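Participant:
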DNA sequence: CTCCAATTTCAACATTTGTTAATTCAATAG
DNA sequence: CTATTGAATTAACAAATGTTGAAATTGGAG
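Chains as they are written, first to last, in our numbering: chain V, 1 to 251; chain H, 252 to 502.
1. Measure the beta-carbon distance from residue 311 (chain H) to residue 331 (chain H) and round it to whole angstroms, keeping in mind my assumption that it falls under 8 Å.
2. I'd like the list of long-range same chain contacts for residue 33 (chain V), defined as Cβ closer than 7 Å, with 5 residues on each side in sequence excluded.
3. Restricting to Cα atoms, I'd like to know which of V:224, V:86, V:29, V:192 is closest to residue 377 (chain H).
4. What are the residues that DSSP puts in a beta bridge with residue 313 (chain H)?
5. Checking 8 Å against the spacing of the C-beta atoms, do residue 190 (chain V) and residue 137 (chain V) come in under that value?
6. At the level of alpha carbons, what is the spacing between residue 463 (chain H) and residue 424 (chain H)?
7. Specify, as a first and last residue, the run of the beta strand (DSSP E) that residue 427 (chain H) falls within.
8. Can you look up residue 42 (chain V) in the DSSP assignment and give me helix, strand or coil?
9. By the criterion of Cβ-Cβ separation under 7 Å, what are the contact partners of residue 384 (chain H) in chain V?
10. I'd like the list of long-range same chain contacts for residue 427 (chain H), defined as Cβ closer than 6 Å, with 5 residues on each side in sequence excluded.
11. Flag residue 2 (chain V) as yes if its beta-carbon sits less than 8 Å from any beta-carbon of chain H, otherwise no.
12. So residue 404 (chain H) contacts chain V; which residues on that side make the cut at Cβ distance below 8 Å?
13. Which residue marks the beginning of the beta strand (DSSP E) containing residue 211 (chain V), and which one marks its end?
14. What beta strand (DSSP E) runs, 3 residues minimum, are completely inside the region 362 to 444 of chain H?
15. At what residues does the alpha helix (DSSP H) containing residue 222 (chain V) begin and finish?
16. Between which two residues does the alpha helix (DSSP H) containing residue 31 (chain V) stretch?
17. Under the DSSP definition of a beta bridge, which residues are partnered with residue 67 (chain V)?
18. With a cut-off of 8 Å, does the C-beta of residue 75 (chain V) fall near any C-beta of chain H?
19. Got a sec, what are the start and stop residues for the beta strand (DSSP E) residue 52 (chain V) sits in?
20. For a test of the three-state rule: what should DSSP assign to residue 84 (chain V), helix, strand or coil?
21. Leaving out five residues before and five after residue 145 (chain V) in sequence, what residues of the same chain have Cβ atoms less than 6 Å from its Cβ?
22. My assumption, with CB atoms under 8 Å, is that residue 266 (chain H) sits in contact with residue 489 (chain H). Please give the rounded CB distance.
23. For a contact meaning CB atoms closer than 9 Å, what does residue 69 (chain V) contact in chain H?
24. Measuring alpha carbon to alpha carbon, tell me which of V:241, V:194, V:30, V:132 ends up nearest residue 72 (chain V).
25. CB residue 56 (chain V) to CB residue 89 (chain V), shorter than 8 Å?
26. Is DSSP giving residue 458 (chain H) helix, strand or coil here?
27. Check distances from the C-beta atoms of the region 217 to 243 of chain V to those of chain H and list, in chain order, the residues that come in under 8 Å.
28. Please report how far the alpha carbon of residue 476 (chain H) lies from the alpha carbon of residue 141 (chain V), in whole angstroms.
29. Can you find the residues in the same chain that come closer than 6 Å, C-beta to C-beta, to residue 365 (chain H), ignoring five residues on each side of it along the sequence?
30. If we define contact as Cβ-Cβ less than 8 Å, is residue 316 (chain H) a contact residue for chain V?
31. To be precise: take each residue of the region 353 to 381 of chain H, compare its Cβ to all Cβ atoms of chain V, and keep it if any distance is under 7 Å. Which residues remain?
32. Give the interface partners of residue 391 (chain H) over in chain V, defined as CB-CB distance under 8 Å, in chain order.
33. Indicate whether at least one CB of chain V lies closer than 8 Å to the CB of residue 395 (chain H).
34. What does the alpha-carbon distance come out to for the pair residue 491 (chain H) and residue 64 (chain V)?
35. Count the other CB atoms, across all protein chains shown, that sit within 10 Å of the CB of residue 262 (chain H); report buried if there are 16 or more and exposed otherwise.
36. Could you name the residues that DSSP lists as bridge partners for residue 242 (chain V)?
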């Protein structure tokens, strides 16, 4: 059953969780320590600081943040089940900060343990590698979104993405999801200003596509929102998607 | 000497080429086949098609392209020495097309060989993993650039990035570099239109910061251009940079 | 050389987004 | 309950970018 109650049970859930053997799932679970609760704004891994551990997000939201000349930019978002700074295992120093958005529960794995896995578990290594490339695929979709979409569509797109990612791990419902991000943060993630994101939120609400208020996102007609935002979930490599790497199953 | 004349000699040059032992450099070199010359617009790896090989770019330029609703968007650029679709080894199917910009020379490695490396060479595996995360770091910087910079600065930023990446592999000179991208392509990579990129090229030329014409990029005052574009090269993980992972040296 | 096609350049106008500043609303401490 | 603070909302105006259509330039093919 792939250790369904383990600390790492959400890792790659909805993607290719079944690519892990029972042994691998148990091993992964055993190297994650007990979760630690941290408050809003906690810096999980700071830019340019030598990393010795990597963090599995067990509960809550995390943003990848780059502060530059007084402006705070969000270059990525992570949801429960994401190995948020596995990148730091190979890079050792990150180019950005990893920061909690709202309180969160964090599991930690030492890089010594990860190095053992790379040495002894080639298949699990490929799965871990895969999970970091999933982040890269999401980065590319954000680039695409920023290059070709207007602010209204960008907002819709990011909300659709979050719904799907949360749905993989069982945290979305038919009408939306809960999310601690403020309008300022949405502006930072959409490459626009707080004033403009407010205009845009109002506009999509009036279109009947999306409602956002105090921690709750409501999607009255998600298919319509996805069409409006030109959102297609393939790049998330979910189970059964066009791109999913079923080949990783074979150890 | 890390096999200085080998096919893979440009791989990670300027970054942590010295992280590879002679054995690893020779091994990497041995798994790359003879280079194949391909023309402009050649699709190295198509979106959603099962990949069986990964490609090392030996000469020329390559773009990561996502076509969507008639528009062609460039979500990444690759230069000689880049393992352009190593991502496809772990993902198996890519979310984007990998396309040559101008004629190019391509080396190829089968995924069977890569799987052997992952099984038998944990340190080399980490270095290959690192190289894909370098792409992710560049993706994040593009997101940052698109979120916070105006078109003039975006253009300057992307040109500074290319200069540094080409400089790592010895293909930049003091005053600029050669590049086959047309104004249309620069527009596609900056998230703007061909008409506007033309305005912008004119503007930065008049500022005395950058000249672009028929395949040649000239930077009369690169430090000034970098300041104007808010470009800082750390995220490229070059030798001696803030973020470079010197720790990967230890096998 | 001449012609042709692709690329670059330009102008006029429309739309989107940024900026500044003020106002309203919501949550919480006391 | 009230005061206070942070967040959300709105308005008016400025700046950046998109759109359309045309003209100029360039590099090759013949």
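Beta carbons are placed, not taken as given, at the ideal position from N, Cα and C, and that holds for glycine.
These numbers come from a predicted model, not from an experiment.
Facilitator: Straight from the coordinates:
1. For this step, residue 311 (chain H) is matched to residue 60 along the second chain. For this step, residue 331 (chain H) is matched to residue 80 along the second chain. Yes, they are in contact, since the Cβ atoms of residue 311 (chain H) and residue 331 (chain H) sit about 7 Å apart, within 8 Å.
2. On the first chain, residue 33 (chain V) is found 33 positions in, with the first residue counted as 1. 107, 108, listed in sequence order.
3. On the second chain, residue 377 (chain H) is found 126 positions in, with the first residue counted as 1. When each option's Cα is compared against that of residue 377 (chain H), the closest is V:86.
4. For the purposes of this step, residue 313 (chain H) is identified with residue 62 of the second chain, where counting begins at 1. For residue 313 (chain H), which the question treats as bridged, DSSP gives the partners H:329, H:351.
5. Taking the first chain and counting its residues from 1, one reaches residue 190 (chain V) at position 190. Taking the first chain and counting its residues from 1, one reaches residue 137 (chain V) at position 137. No, they are not a contact pair.
6. To locate residue 463 (chain H), count along the second chain from 1; it is residue 212. To locate residue 424 (chain H), count along the second chain from 1; it is residue 173. The straight-line gap from Cα to Cα measures roughly 15 Å.
7. Here the question's residue 427 (chain H) lines up with position 176 in the second chain. Run containing residue 427 (chain H): 427 to 429, per the beta strand (DSSP E) assignment.
8. The residue given as residue 42 (chain V) occupies position 42 in the first chain. Three-state DSSP puts residue 42 (chain V) in coil, outside helix and strand.
9. Here residue 384 (chain H) refers to the residue found at position 133 when the second chain is read from its first residue. Going along chain V in sequence order, the residues near residue 384 (chain H) (Cβ under 7 Å) are 87, 90, 91, 132.
10. Here residue 427 (chain H) refers to the residue found at position 176 of the second chain. Result list for residue 427 (chain H): 468, 469, 470, in chain order.
11. Along the first chain, read from residue 1 onward, the residue named residue 2 (chain V) stands at position 2. Reliability of the predicted coordinates at residue 2 (chain V) is poor, the pLDDT of 42 falling under 50, and the value obtained from them is presented with this limitation in mind. Residue contact check for residue 2 (chain V) against chain H: no CB pair falls below 8 Å.
12. Here residue 404 (chain H) refers to the residue found at position 153 of the second chain. Within 8 Å Cβ-Cβ: nothing; residue 404 (chain H) doesn't reach chain V, min ~11 Å.
13. For this step, residue 211 (chain V) is matched to residue 211 along the first chain. Start and end: 211 to 213.
14. 427 to 429
15. Stepping through the first chain from its first residue, residue 222 (chain V) is reached at position 222. Taken as a continuous stretch (DSSP letters only), the alpha helix (DSSP H) holding residue 222 (chain V) covers 222 to 228.
16. For this step, residue 31 (chain V) is matched to residue 31 along the first chain. Segment 22 to 31, the alpha helix (DSSP H) holding residue 31 (chain V).
17. Looking up residue 67 (chain V) in the first chain gives position 67. DSSP output for residue 67 (chain V) lists V:72 as bridge partner(s).
18. As a working mapping, residue 75 (chain V) is identified with position 75 in the first chain. It does: the Cβ of residue 75 (chain V) has a partner Cβ on chain H nearer than 8 Å.
19. Position 52 of the first chain, counted from the start, is the residue given in the question as residue 52 (chain V). Counting along the chain, residue 52 (chain V) falls outside any beta strand (DSSP E), and DSSP gives it neither H nor E.
20. Position 84 of the first chain, counted from the start, is the residue given in the question as residue 84 (chain V). Note: residue 84 (chain V) maps to coil in three-state DSSP.
21. For this step, residue 145 (chain V) is matched to residue 145 along the first chain. Counting only Cβ-Cβ distances below 6 Å, and skipping sequence neighbours, we find 154, 157.
22. Within the second chain, numbered from 1, the residue matching residue 266 (chain H) stands at position 15. Within the second chain, numbered from 1, the residue matching residue 489 (chain H) stands at position 238. About 6 Å separates the two Cβ atoms, so the contact holds.
23. Along the first chain, one-based indexing puts residue 69 (chain V) at 69. In chain order: 399, 481.
24. Counting from one through the first chain, the residue named residue 72 (chain V) turns up at place 72. The option with the nearest alpha carbon to residue 72 (chain V) is V:194.
25. Indexing the first chain from 1 puts residue 56 (chain V) at position 56. Indexing the first chain from 1 puts residue 89 (chain V) at position 89. Cβ distance not < 8 Å, so residue 56 (chain V) and residue 89 (chain V) don't count as in contact.
26. One-based indexing of the second chain puts residue 458 (chain H) at position 207. Three-state result, residue 458 (chain H): coil.
27. Going along the region 217 to 243 of chain V in chain order, one finds 230, 234, 235, 237, 242, 243 with a Cβ nearer than 8 Å to chain H.
28. By one-based count along the second chain, residue 476 (chain H) stands at place 225. By one-based count along the first chain, residue 141 (chain V) stands at place 141. Taking the straight line joining both Cα atoms gives about 28 Å.
29. What you label residue 365 (chain H) is simply residue 114 of the second chain in a count that begins at 1. Counting only Cβ-Cβ distances below 6 Å, and skipping sequence neighbours, we find 340.
30. Taking the second chain and counting its residues from 1, one reaches residue 316 (chain H) at position 65. So, not an interface residue.
31. 369, 370, 373, 376, 377, 380, 381
32. In the second chain, residue 391 (chain H) corresponds to position 140, counting from 1. The contacting residues are 64, 66, 75, 76, 95, 96, 139.
33. As a first step, residue 395 (chain H) must be located in the second chain, where it is residue number 144. It does: the Cβ of residue 395 (chain H) has a partner Cβ on chain V nearer than 8 Å.
34. As a working note, residue 491 (chain H) is residue 240 in the second chain. As a working note, residue 64 (chain V) is residue 64 in the first chain. Going by the C-alpha atoms only, they are around 24 Å apart.
35. The sequence position of residue 262 (chain H) within the second chain is 11, counting from 1. Buried is the label assigned to residue 262 (chain H), since at least 16 other Cβ atoms lie within 10 Å of its Cβ.
36. Start at 1 with the first residue of the first chain, and residue 242 (chain V) comes out as number 242. Residue 242 (chain V) is not bridged to any residue.
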